[in-house]
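Student:
Numbering (UniProt numbering), first residue to last: 1 to 139.
1) Pick helix, strand or coil for residue 150, following the three-state DSSP scheme.
2) To the nearest angstrom, how far is the alpha carbon of residue 61 from that of residue 52?
3) Taking 8 Å as the threshold (beta carbon to beta carbon), is residue 27 in contact with chain B?
4) Do residue 105 and residue 117 count as a contact pair if the criterion is CB distance below 8 Å?
5) Which residues in the same chain as residue 20 place their Cβ atom closer than 6 Å to its Cβ, once the five residues preceding and following it in sequence are excluded?
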């Protein structure tokens, strides 16, 4: 059996040793937590970098698409200003010749000074009736 001094020394050193171990355990836990936080921060930075790259790529794609759409619009506008089909030009010419020919007959009526010209037949007005001036060729 040990002396009283040995027993009290053991009880005296045991709590200090346990306290030191507890401190080491806590420090190691803090170290692990710190490493996890650093890893998480690194993951977030990587994720943000990837999102920024994806946003930049999307911006470039959208800009290219916008350029393509604008180029297509310009091509369509250029087509609109090209000469129309010869049949269309012919019909327009005949139409305006007919209008010019009819102006003297309709001038006084349009100015409100006379009745409708002689030879003009009134038809029931419907959505689908189209009146043709006398002498105009119908197809």
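The beta-carbon is built from N, C-alpha and C at its ideal position, and this holds for glycine as well.
These numbers come from a predicted model, not from an experiment.
Tutor: Based on what the coordinates show:
1) Because the chain here runs from 1 to 139, residue 150 falls outside it and cannot be looked at.
2) What you label residue 61 is simply residue 61 of the chain shown in a count that begins at 1. What you label residue 52 is simply residue 52 of the chain shown in a count that begins at 1. Rounded to whole angstroms, residue 61 and residue 52 show a C-alpha spacing of 14 Å.
3) Absent from the structure is chain B; it holds one protein chain and no more.
4) On the chain shown, position 117 is the one that residue 117 refers to. On the chain shown, position 105 is the one that residue 105 refers to. It is a contact, given that the beta carbons lie within the stated cut-off.
5) Residue 20 sits at position 20 when you count from the first residue of the chain shown. Nothing listed; no residue qualifies.
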